[in-house]
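Undergrad:
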């Protein structure tokens, strides 16, 4: 009935959305050139958290698995680069920057995908048999185990002292060193975010995304409809783990130092807050959540250093206010509407017409 | 190999000290609409859950087209050709009606994560087919106009229909309906009976749990009666209405004697 009009509307709406995304991308690309060094550092921090939130959104938002130990995968990513770059106390064969040269960071970025996927599957296969609260408690425990292992494995992770002098990335051939300048990290993170968003969006709009949402909505019914629930939950877990691992590698190379202190439970909660605040199951939501959760307090602190003591207090106020007035999140998820070719079919009796 | 689509023999399920289903035999030929009735707590839904793998039976065997089902995970049983609806509606509330059906249809799809990430032809083809065919299933049950509506917004009767469409989406050989008429008004029940016949005519065998005797008598050729977890009778609906064991199960011993005396 309204199909002709509808497609026209759809087209103009899609044009508007694409335009807005292009403008936002342009804004993100040029913004660091207009702000101070301190603000650039904050931008890197926000982008790192956005990558983390993007990954956790797959686990919590799509598949509905409450993972309270998510930061463990960020840690394994960071430590992987720390150890394999040769900066740690242990030297493995065929590793280290002198072996890999300028390619090291980029190779490890790929290696971490594999390693973290394995770790995700290893931690996931025993824990994902549990549901709801039990899963939350066990993942909380696993997150702590990873941190405590890092804190005690002296000759691999450097224990509480951590690993320092982790090399910065270099661009092969032209030999550009990222150094301590936040800008190249920011652009690298934007690139990784764009890549991650593309991959996760495509999964979301496939049978895998449908299976995740089905599991979140009703696991028993999903199983009865042929969804291999365990495999799909494991996949969500592994994708979350790899995303966090990539963020971890960038973090370690930027700060050139990792220690267990960066990976406590609070960090897990912070990422979870970003996802919940932004809107569970919504990709733009979790990114917006990361901007608010990390950006707002950091910029406030930059402007009003005296407010630092009230940081978490304000944080709490914002969260409670949000949960009261907009519990579905900043940018709630919306199921994609299919473009339909409705055919009139007078044979079918319908209740709604009477 | 076998004349029967479903062969359940001596299916038993025990919860603690309670035997919810005791050595129930049930065989269904292809193309039948079979009824399964019994008083509340007779074990009908438990029997369904044993067939579909939600519970592991403690004894007995379930075969579909001659191959064993018991011991398989629920999603494997669905892929083998048994689909079901639920007594309490269990739709994916936040998903649109069409997506609900697509989840069912994905049981037959094979594109994996790599296909989806790189937007490979198989993924595109299956997604395309899913939305076209999914719409066809919605039309089949008569709720095509709600395709883009989140399923939680549908009326009760339409949600029941959507559950049937979702189950049909898995392309089953055998469809198990668990009290599909519950909560429907008489007009909706008429429509449901037509739909059940239409499903059978499309080549799907139906096993129906139902309390509403009008519906059972209206569509089923044969009916099995469970009471206290045991099958106490089986036959054509008219025979069962006179069967003293069935009357006793539903109305008590006195009523059965009255009926016999009359």
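Protein chains in written order, with the numbering used here: chain A, 1 to 354; chain B, 1 to 262. Think of the CB as a built atom: it goes at the ideal place given N, C-alpha and C, for glycine as much as any other residue. The model shown is predicted, which means the values in this text are computed figures rather than measured ones.
Any beta carbon of chain B sitting closer than 8 Å to that of residue 206 of chain A?
TA: Cβ-Cβ to chain B under 8 Å: yes for residue 206 of chain A.
Undergrad: Name, in chain order, the residues that DSSP records as bridge partners for residue 61 of chain B.
TA: Bridge partners of residue 61 of chain B: B:9.
Undergrad: If the cut-off is 9 Å on Cβ atoms, which residues from the stretch 216-230 of chain A count as contacting chain B, listed in chain order?
TA: The residues in question are 216, 217, 218, 220, 221, 222, 223, 224, 225, 226, 227, 228, 229, 230.
Undergrad: I need the straight-line Cα distance from residue 65 of chain B to residue 119 of chain A, nearest angstrom please.
TA: Taking the straight line joining both Cα atoms gives about 41 Å.
Undergrad: Classify residue 201 of chain B as helix, strand or coil using the three-state DSSP reduction.
TA: It is helical.
Undergrad: Leaving out the 5 sequence neighbours to the left and right, which residues in its chain are closer than 7 Å to residue 186 of chain A when beta-carbon positions are compared?
TA: Answer for residue 186 of chain A: 32, 40, 43, 44, 47, listed in chain order.
Undergrad: Identify every residue that forms a DSSP beta bridge with residue 14 of chain A.
TA: Bridge partners of residue 14 of chain A: none, in fact.
Undergrad: When the cut-off is 8 Å and only beta carbons count, does residue 86 of chain B lie next to chain A?
TA: With 8 Å as the cut-off, residue 86 of chain B counts as an interface residue toward chain A.
Undergrad: Can residue 57 of chain B be considered in contact with the ligand MN, in the sense that its beta carbon sits closer than 7 Å to one or more heavy atoms?
TA: Although the ligand MN was asked about, the structure shown includes no ligands whatsoever.
Undergrad: Residues of chain B with CB closer than 8 Å to the CB of residue 211 of chain A, please, in chain order.
TA: Those are 103, 106, listed as they occur along chain B.
Undergrad: Is it buried or exposed for residue 90 of chain B, if we count other Cβ within 10 angstroms and need 16 for buried?
TA: Residue 90 of chain B is buried by the Cβ-count criterion.
Undergrad: Output, in chain order, the set of chain A residues within a Cβ distance shorter than 8 Å of residue 79 of chain B.
TA: Ordered by position in chain A, the residues that pass the 8 Å Cβ test against residue 79 of chain B are 226.
Undergrad: Note down, in chain order, every chain B residue with its Cβ under 9 Å from the Cβ of residue 335 of chain A.
TA: Going along chain B in sequence order, the residues near residue 335 of chain A (Cβ under 9 Å) are 94, 95, 96, 99, 148, 150.
Undergrad: Mind listing the chain A neighbours of residue 166 of chain B? Cutoff is C-beta to C-beta under 8 Å, in chain order.
TA: Correct list: 225.
Undergrad: Between residue 214 of chain A and chain B, is there a C-beta pair that is closer than 8 Å?
TA: Residue 214 of chain A counts as touching chain B.
Undergrad: Relative to the C-alpha of residue 62 of chain A, which residue among A:232, A:308, A:302 is closest?
TA: When each option's Cα is compared against that of residue 62 of chain A, the closest is A:232.
Undergrad: Determine the closest residue to residue 106 of chain B out of B:117, B:122, B:177, B:59, with distance taken between C-alpha atoms.
TA: Answer by Cα proximity: B:122.
Undergrad: Please list the terminal residues of the continuous alpha helix (DSSP H) segment that includes residue 133 of chain A.
TA: Its alpha helix (DSSP H) spans residues 132-152.
Undergrad: On the three-state DSSP scale, how would you describe residue 326 of chain A?
TA: It is coil, neither helix nor strand.
Undergrad: Rounding to the nearest angstrom, what Cα-Cα distance links residue 9 of chain A and residue 16 of chain A in this structure?
TA: Residue 9 of chain A and residue 16 of chain A: Cα-Cα distance of roughly 10 Å.
Undergrad: Could you confirm whether any beta carbon from chain E is found closer than 8 Å to the beta carbon of residue 204 of chain B?
TA: No chain E is present in this structure, whose protein chains are A and B.
Undergrad: If I measure Cβ to Cβ from residue 136 of chain A and keep anything under 8 Å in the same chain, skipping five residues before and after, which residues do I get?
TA: Excluding positions up to five away in sequence, the list reads 66, 67, 68.
Undergrad: Where residue 335 of chain A and residue 200 of chain A are concerned, what is the direct C-alpha to C-alpha distance, given to the nearest angstrom?
TA: Going by the C-alpha atoms only, they are around 15 Å apart.
Undergrad: Measure the C-alpha to C-alpha separation of residue 45 of chain B and residue 54 of chain A and round it to an integer number of angstroms.
TA: C-alpha separation (whole angstroms): 41 Å.
Undergrad: List, in order along the chain, the chain B residues whose C-beta lies closer than 8 Å to that of residue 235 of chain A?
TA: 113, listed in chain order.
Undergrad: Would you be able to state if there are at least three C-beta pairs under 8 Å between the stretch 18-31 of chain B and the stretch 323-332 of chain A?
TA: No, the stretch 323-332 of chain A does not touch the stretch 18-31 of chain B.
Undergrad: Helix or strand or just coil, what does DSSP make of residue 19 of chain A?
TA: Of the three classes helix, strand and coil, the one that applies to residue 19 of chain A here is helix, per DSSP.
Undergrad: Does the distance from the CB of residue 212 of chain B to the CB of residue 189 of chain B come in under 8 Å?
TA: It is a contact, given that the beta carbons lie within the stated cut-off.
Undergrad: In whole angstroms, what is the alpha-carbon distance linking residue 218 of chain A and residue 177 of chain B?
TA: Those two C-alpha atoms are separated by around 18 Å.
Undergrad: Could you tell me how far apart the beta carbons of residue 246 of chain B and residue 233 of chain B are, in whole angstroms, since I believe they sit closer than 8 Å?
TA: Contact holds; Cβ gap of about 5 Å.
Undergrad: Compare the C-alpha of residue 240 of chain B against each of B:82, B:224, B:230, B:144 and name the closest.
TA: The candidate whose alpha carbon is nearest that of residue 240 of chain B is B:224.
Undergrad: If you run the structure through DSSP and keep just helix, strand and coil, what is residue 156 of chain B?
TA: Helix at residue 156 of chain B.
Undergrad: Tell me the start and end of each unbroken alpha helix (DSSP H) in the stretch 65-96 of chain B that is at least 4 residues and wholly inside, in chain order.
TA: Correct list: 74-80.
Undergrad: Tell whether a beta-carbon distance below 8 Å holds between residue 42 of chain B and residue 101 of chain B.
TA: Cβ atoms of residue 42 of chain B and residue 101 of chain B: not closer than 8 Å.
Undergrad: Does the stretch 157-167 of chain A come into contact with the stretch 254-271 of chain A, if we say contact requires no fewer than three beta-carbon pairs (one atom in each stretch) closer than 8 Å?
TA: Segments in contact, yes.
Undergrad: Kindly indicate which three-state DSSP category residue 171 of chain A falls into: helix, strand or coil?
TA: Strand, per DSSP.
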